[in-house]
Every structure is written in C-alpha cells, then in structure tokens.
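Student: Converting from the sequence shown to our numbering requires adding 875 to each position, the first position being numbered 1. For glycine and all other residues, C-beta sits at the position ideal for the given N, C-alpha and C. All figures in this text were calculated on a predicted structure; none of them were measured in a lab. Pasting a structure below so you can have a look.
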Amino acid sequence: MIEITVNGKPTQVDRPMPIAELIQNVEVPKNYLAVEVNEDVIPREQHGEYVVKEGDRVEVVTLVGGG
C-alpha cells in the first residue's frame, strides 16, 4: 500500500497507478474538470500515462454551479 492525498484527505491505494485508474478507485466526482498533482495540472490526455506515487498530493477540480 502507498499513501497519497486526494482532495486533502490521506488515501491509501494498492500501488502507484495512472491517474485514470486512480479516479476509478477513489471517491471523486465523475464530472471533474481537471486533475492537479503536486500543484501541477496534468492534461486529460496524460491521465492514462501519468503515474501517481507515494506521497503525491492529488486535487480533483470540479465546477460547482451557484446563484
């Protein structure tokens, strides 16, 4: 198991994994707009390649409507 932070919450996952796989395995909104790892925005086309590792800080950004 490795520990990462997802949206400010410590999270354990089985192993280092691509962002696309991580998003399927942890609770994040499915209508997310962007993913940031260690304060760097990772383009959506790289989500299948970019591997999240031990200690990484992942932020999943969504759009919230309001009035």
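#1: DSSP on Arg890, reduced to helix/strand/coil?
#2: Starting from Asp915, trace the beta strand (DSSP E) both ways and give me its first and last residue.
#3: Please report the straight-line C-alpha distance between Val939 and Asp889, rounded to a whole angstrom.
#4: Considering only the alpha carbon of each residue, which of Thr937, Gly941 and Val916 lies closest to Asp931?
#5: If you follow the beta strand (DSSP E) that Val935 is part of, which residue opens it and which one closes it?
#6: In whole angstroms, what is the alpha-carbon distance linking Glu924 and Val933?
Tutor: Let me lay it out:
#1: Residue 890 sits at position 15 when you count from the first residue of the sequence shown. Here Arg890 sits in coil by DSSP.
#2: Stepping through the sequence shown from its first residue, residue 915 is reached at position 40. Run containing Asp915: Asp915 to Ile917, per the beta strand (DSSP E) assignment.
#3: Taking the sequence shown and counting its residues from 1, the one referred to as residue 939 is at position 64. Taking the sequence shown and counting its residues from 1, the one referred to as residue 889 is at position 14. Taking the straight line joining both Cα atoms gives about 31 Å.
#4: Here residue 931 corresponds to residue number 56 of the sequence shown, with the count starting at 1. Ranking Thr937, Gly941 and Val916 by Cα distance to Asp931 puts Val916 first.
#5: Position 60 of the sequence shown holds residue 935. Under the DSSP assignment, Val935 falls in the beta strand (DSSP E) whose first and last residues are Arg932 to Val936.
#6: Within the sequence shown, numbered from 1, the residue matching residue 924 stands at position 49. Within the sequence shown, numbered from 1, the residue matching residue 933 stands at position 58. In this structure, the CA atom of Glu924 is about 15 Å from the CA atom of Val933.
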